[in-house]
Amino acid sequence: MEENQEQVVSMPRIGDPAPAFKAVTTQGEINFPADYKGQWVILFSHPADFTPVCTSEFMTFASMEKQFDQANCKLVGLSVDGLYSHIAWLRTIKDKIEYKGMKDVEVKFPLIEDITMEVAKKYGMIQPGEATTKAVRAVFFIDPKGMIRTIIYYPLSLGRNFDELYRVLIALQTADEFGIATPADWRPGDDVIVPPAGSCGTAKDRMEGKEDMHCYDWFFCTKKLDKEKVLDTILKK
Ligand code: BEZ
Numbered sequence: 364m365e366e367n368q369e370q371v372v373s374m375p376r377i378g379d380p381a382p383a384f385k386a387v388t389t390q391g392e393i394n395f396p397a398d399y400k401g402q403w404v405i406l407f408s409h410p411a412d413f414t415p416v417c418t419s420e421f422m423t424f425a426s427m428e429k430q431f432d433q434a435n436c437k438l439v440g441l442s443v444d445g446l447y448s449h450i451a452w453l454r455t456i457k458d459k460i461e462y463k464g465m466k467d468v469e470v471k472f473p474l475i476e477d478i479t480m481e482v483a484k485k486y487g488m489i490q491p492g493e494a495t496t497k498a499v500r501a502v503f504f505i506d507p508k509g510m511i512r513t514i515i516y517y518p519l520s521l522g523r524n525f526d527e528l529y530r531v532l533i534a535l536q537t538a539d540e541f542g543i544a545t546p547a548d549w550r551p552g553d554d555v556i557v558p559p560a561g562s563c564g565t566a567k568d569r570m571e572g573k574e575d576m577h578c579y580d581w582f583f584c585t586k587k588l589d590k591e592k593v594l595d596t597i598l599k600k
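Numbered by my numbering, the letters in the sequence shown go through residues 364 to 600 in order.
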């Protein structure tokens, strides 16, 4: 490839600052991620408006928007469609689609128009092996300092699990607030993993049960963390 043809495609990584951009959305212009400073934000892409998997996803996310907001998290969608397509699609969803008990669903979070694919390319949402003219289903969790904390990608055919996206958000916030890690399939109320020996009691103390924790071996210790304590800390009253 010649130098001046170099592809402007990047793949942001966990721990990177969220790439900045300005864009037009269904809720007006946004300056990302600056407009979301002090809040968590999930930036997610979908392949195309007026498609069935995406419709099921938007209805689900919109129905859960309050739940995410209570955890100080805003939602921002993106596809490479234009603004008028976005508006017409969201109106159709509200006026016509009844799905799994959800109806009259109003998508109030911004949906970015990205006809030039500039933002999608910046975020590695165009994955040519899957599609060259559509974004895959990417999900970026961005923290209140504008840092990328988790990235999940799904192919075009696979609708996302929104309970899992909510679980990831709560687990990230719990890790930050309590200085712990979360084991496989963790949900609030389950035991959490304490940091390695040295930062919290000696290995001997841990194995002898002197600390308030249970050790499966010297490198694997857990402790209780009440569900109420997690939710009282994280969720807005
Ligand atoms: C859908 O959302 O249904 C979809 C979109 C693009 C390709 C395949 C499915």
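C-beta: ideal position from N, C-alpha, C; glycine also. Quick caveat, the model's predicted, so the values are computed rather than measured.
Cβ-based burial, I505 [other Cβ within 10 Å; buried from 16]: Working through the sequence shown from its first residue, we reach residue 505 at position 142. Residue burial is scored here from C-beta neighbours: I505 has at least 16 other C-beta atoms within 10 angstroms and is therefore classed as buried.
Beta-carbon spacing of F472, G440 below 8 Å: For the purposes of this step, residue 472 is taken as the residue at position 109 of the sequence shown. For the purposes of this step, residue 440 is taken as the residue at position 77 of the sequence shown. In this structure, G440 lies closer than 8 Å to F472 by Cβ.
Per-residue DSSP class, three states only, for D580: To locate residue 580, count along the sequence shown from 1; it is residue 217. The three-state reading of DSSP puts D580 in strand, counting E and B together.
D477 burial status per 10 Å Cβ neighbour count (16 or more: buried): Indexing the sequence shown from 1 puts residue 477 at position 114. Buried.
Minimum C-alpha distance to V531 - residue among I405, P507, D554 and K385: Stepping through the sequence shown from its first residue, residue 531 is reached at position 168. Comparing alpha-carbon positions, the option among I405, P507, D554 and K385 lying closest to V531 turns out to be I405.
Local conformation of F431 per DSSP, three classes: Sequence index remark: in the sequence shown, residue 431 carries index 68 (1-based). The answer is helix: DSSP assigns F431 an H, G or I state.
Nonlocal neighbours in the same chain, by C-beta distance under 8 Å from I543, ignoring five residues either side: Counted from its first residue, the sequence shown places residue 543 at position 180. Excluding sequence neighbours, I543 sits near T537, V555, I556, V557, P558, K586 and L588.
Alpha carbon of Q490 to alpha carbon of V443, nearest angstrom: Residue 490 sits at position 127 when you count from the first residue of the sequence shown. Residue 443 sits at position 80 when you count from the first residue of the sequence shown. Rounded to the nearest angstrom, the two C-alpha atoms are 13 Å apart.
Residue burial classification, W549 (beta-carbon count within 10 angstroms, cutoff 16): Counting from one through the sequence shown, the residue named residue 549 turns up at place 186. Buried, by the Cβ-count rule.
Spatial neighbours of T423 in its chain, beta-carbon cut-off 6 Å, leaving aside the 5 residues before and after: In the sequence shown, residue 423 corresponds to position 60, counting from 1. Cβ neighbours of T423 beyond the five flanking positions: F525.
Residue range of the beta strand (DSSP E) that includes S442: By one-based count along the sequence shown, residue 442 stands at place 79. Counted as a single uninterrupted DSSP element, the beta strand (DSSP E) harbouring S442 occupies residues C436 to S442.
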